[in-house]
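Colleague: Please see the structure below; I have some questions.
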Amino acid sequence: MAKDKVVYVCKECGQESPKWVGRCPSCGQWNTYVEQVVRRETASRLLPEGLGEKTERVKPRTLSEIETREEPRIDMHDAELNRVLGGGLVQGSLVLLGGEPGIGKSTLVLQTVMNLRNLRILYVSGEESARQLKLRANRLNVEQAQGGQDSQECLIVCETSLEQIFNHIKNTQPQLVIIDSIQTISTEAVESSPGSLSQVRECAAMLLKFAKTQNVPVILIGHITKEGTLAGPKVLEHIVDTVLQFEGDQHYLYRILRSIKNRFGSTAELGIYEMRADGLRQVSNPSELLLNANHEGLSGVAVSSAIEGVRPFLIETQALVSTAAYGNPQRSATGFDGRRLNMLLAVLEKRVGFKLAQKDVFLNIAGGLRVSDPAMDLSVIAAILSSNIDTGIESDVCMAGEVGLSGEIRPVARIEQRIAEAEKLGFQRILIPRANLKGLDVERYKIELVPVRKVEEALRELFG
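Numbering (my numbering), first residue to last: 264 to 727.
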């Protein structure tokens, strides 16, 4: 019998090495290599008969010889989830939903699958008992939890052995499989504890083999900490088809669903949920919830028309400028890139002439969101200056524009959607880059469009 091979794998990036090293040469992290035993048998041999059938041999073909057809997607009956997935769940795909413990991953999946009709689902729970799942479903006010007509379509099993899970799949023939969570599942092919790097990778490979051969979608739930020390989503990104990140601050009500990797759709989409006592509620119009209507007369508040993916929404930018209490001024940004904040402060000092070198600057994006849209630059500068001179900005004014290093206001994408969103919410004026007026039908909008070319012009329009 051949001896098993031992390799060392980085739990951060998956880099392999024949010996243990202190620092990973690929990602540069320290003390991340763990021992892994490589067995001679493959994962497909461990699948039950009928679940790991080999496909017939094929010969290389040109693109013109390959036949394609439109694959119908599974409607999840959740507009936010469907948008992030790219239009629904693809048959035979392997989807990973990652996030910090307690953020609401299991709640999102449970309330989604319990609302699906005419779809046989196998929900495998490795963390909670069946009674705990029943209590959770009752709390979510899902009618199937009360014994609805379609409650028999969602089957619950509490199991941590992958071999037993495949036996349940073979007996029930589900159309959708949920694994909650991948860190609790283990296989007999690997001699290590559940949640270890080797167990997670082997179980994911076997589930991928099952999903592709049987054309059944599988959703994996995985935990990840802020430090990224737990093996799971970071290693599985190379295996799965789609990686969804469920994030948000537990002190805020809002949860953000992002697509980090998606082979069947865009990675720029964004889904917003509100955490309530009876579960997660879809936020179809986030602008009304992210705007504070009572900021009249308050300084340091500016409203920006931002875009995430193809979705426009208005959001408050809050800034506080104060005299530095200590010798070294502080620069702090929450929900915004700190390096870009330093760049905008340098533009204010060099191009506009405002001296902020000896002052503390604090920036916050309201609602606990993190936005990377460059069109936020103009509102950031406006909020900082408003707080510096202690003068409020009119509440019926919003803005969108990217600021360049020479102080110019650069054009932004999807300006029509930004203007329409501001007009829908009752704003009277919107500051936009002058370059965006080219080809824009101004007469169709009731809101006043204020084109600006430089930062000085924008500040003059806001503060006179």
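Think of the CB as a built atom: it goes at the ideal place given N, C-alpha and C, for glycine as much as any other residue.
Small disclaimer: the values here were computed from a predicted structure and weren't measured.
Please determine if the segment 616 to 631 and the segment 674 to 684 are in contact, where contact requires at least 3 C-beta pairs separated by less than 8 Å.
Modeller: No, they do not touch.
Colleague: Ignoring anything shorter than 3 residues or poking outside the segment 266 to 302, list the beta strand (DSSP E) runs there in chain order.
Modeller: Counting only runs of 3 or more, we get 268 to 273, 296 to 301.
Colleague: For a quick check, are the C-beta atoms of Ala565 and Ala467 less than 8 Å apart?
Modeller: The answer is no: Cβ separation not under 8 Å.
Colleague: Determine which residues share a DSSP beta bridge with His486 and list them.
Modeller: In the DSSP output, where bridge partners are listed per residue, His486 has Gly362.
Colleague: Between the segment 710 to 725 and the segment 634 to 652, do three or more beta carbon pairs fall short of 8 Å?
Modeller: These segments touch.
Colleague: DSSP puts Ser595 in a beta bridge; with which residues?
Modeller: Bridge partners of Ser595: Phe625.
Colleague: Using a Cβ-Cβ cut-off of 6 Å (strictly less than) and excluding sequence neighbours within five positions of Val643, which residues of its own chain qualify?
Modeller: Excluding residues within five positions, the ones whose Cβ falls inside 6 Å are Thr580, Leu607.
Colleague: Name the residue from Lys368, Glu328, Arg332 whose alpha carbon lies nearest to the alpha carbon of Leu344.
Modeller: The shortest C-alpha separation from Leu344 is found at Lys368.
Colleague: Report the option in Gly362, Val718, Asp443, Val713 whose CA atom is closest to the CA atom of Arg521.
Modeller: Of Gly362, Val718, Asp443, Val713, the residue nearest in Cα terms is Gly362.
Colleague: Within the chosen definition, does the segment 668 to 682 reach the segment 690 to 700 through at least 3 CB pairs nearer than 8 Å?
Modeller: Touching, yes, given that three or more Cβ pairs across the two stretches are closer than 8 Å.
Colleague: Of all the options Pro480, Leu379, Gln446, Val715, which has the alpha carbon lying nearest to the alpha carbon of Glu465?
Modeller: Residue Gln446 is the option with its Cα nearest to Glu465.
Colleague: Rounded to the nearest angstrom, how far is the Cβ of Ala342 from that of Ser550, given a contact under 8 Å?
Modeller: Their Cβ separation, rounded to whole angstroms, is 16 Å, which puts Ala342 and Ser550 out of contact at 8 Å.
Colleague: Below 8 Å CB to CB, which residues in the same chain sit around Ile384 once its five sequence neighbours on both sides are set aside?
Modeller: Cβ within range, chain order: Val376, Glu416, Cys417, Leu418, Pro437, Gln438, Leu439, Val440, Ile441.
Colleague: Using only CA atoms, which one of Phe527, Asn381, Ser461, Thr325 lies nearest to Val353?
Modeller: Comparing Cα-Cα distances from Val353 to each of Phe527, Asn381, Ser461, Thr325, the minimum goes to Phe527.
Colleague: Leu553 and Leu577 - do their beta-carbons sit closer together than 8 Å?
Modeller: Going by C-beta atoms, Leu577 is nearer than 8 Å to Leu553.
Colleague: Please work out which residues of its chain come closer than 8 Å, Cβ to Cβ, to Ala721, disregarding the five sequence neighbours upstream and downstream, and give them in chain order.
Modeller: Excluding residues within five positions, the ones whose Cβ falls inside 8 Å are Leu641, Ile644, Ala645, Met662, Gly664, Ile672, Leu694, Val715.
Colleague: The beta strand (DSSP E) spanning Asn699 covers which residue range?
Modeller: Neither: Asn699 is in no beta strand (DSSP E) and is coded neither H nor E.
Colleague: Kindly indicate which three-state DSSP category Pro549 falls into: helix, strand or coil?
Modeller: In the structure shown, Pro549 sits in a helix (DSSP, three-state: H, G or I).
Colleague: For Gln508, which option in Val634, Leu359, Glu334 has the closest C-alpha, if you only look at C-alpha atoms?
Modeller: If we check each option's Cα against that of Gln508, Leu359 comes out closest.
Colleague: Looking at C-alpha atoms only, which residue of Ser392, Ile432, Asn401 is the closest neighbour of Cys730?
Modeller: With the chain covering only 264 through 727, there is no way to say anything about residue 730.
Colleague: Under DSSP, the beta strand (DSSP E) around Ala582 begins and ends at which residues?
Modeller: Taken as a continuous stretch (DSSP letters only), the beta strand (DSSP E) holding Ala582 covers 574 to 586.
Colleague: If I'm right that Arg633 touches Gly598 with Cβ under 8 Å, what's the distance once you round it to whole angstroms?
Modeller: So it is a contact: roughly 5 Å between Cβ atoms.
Colleague: Along the alpha helix (DSSP H) that carries Thr370, what are the first and last residues, could you check?
Modeller: Per DSSP, Thr370 belongs to the alpha helix (DSSP H) from 368 to 376.
Colleague: Rounded to whole angstroms, how far is the Cβ of Gly281 from the Cβ of Val270, which I believe are closer than 8 Å?
Modeller: Strictly speaking, residue 281 in this sequence is Pro, with Gly absent from that position. The Cβ separation is near 6 Å, so the contact holds.
Colleague: Output the residue ranges of the beta strand (DSSP E) runs that lie fully inside the segment 601 to 646 and measure 3 residues or longer, sorted by chain position.
Modeller: You should have 622 to 628.
Colleague: Which value, in whole angstroms, describes the spacing of the CA atoms of Ala408 and Asn401?
Modeller: Interpretation of Ala408 is limited by its pLDDT of 43, a score under 50 that renders its predicted location unreliable; the figure taken from the coordinates is listed afterwards. Whole-angstrom Cα-Cα distance: 6 Å.
Colleague: Starting from Leu533, follow the beta strand (DSSP E) in both directions and report where the run begins and ends.
Modeller: Segment 533 to 539, the beta strand (DSSP E) holding Leu533.
Colleague: Beta carbon of Asp504, beta carbon of Leu357: below 8 Å?
Modeller: Their beta carbons are under 8 Å apart, which means Asp504 touches Leu357 by this criterion.
Colleague: Determine the closest residue to Leu688 out of Leu348, Cys290, Thr654, Ser567, with distance taken between C-alpha atoms.
Modeller: Ranking the options by Cα distance to Leu688, first place goes to Ser567.
Colleague: So Leu658 and Glu559 are in contact, right, with Cβ under 8 Å, and what is the actual spacing, rounded?
Modeller: Reading off the sequence shown, one finds Ser at residue 658, where the question assumed Leu. So it is a contact: roughly 5 Å between Cβ atoms.
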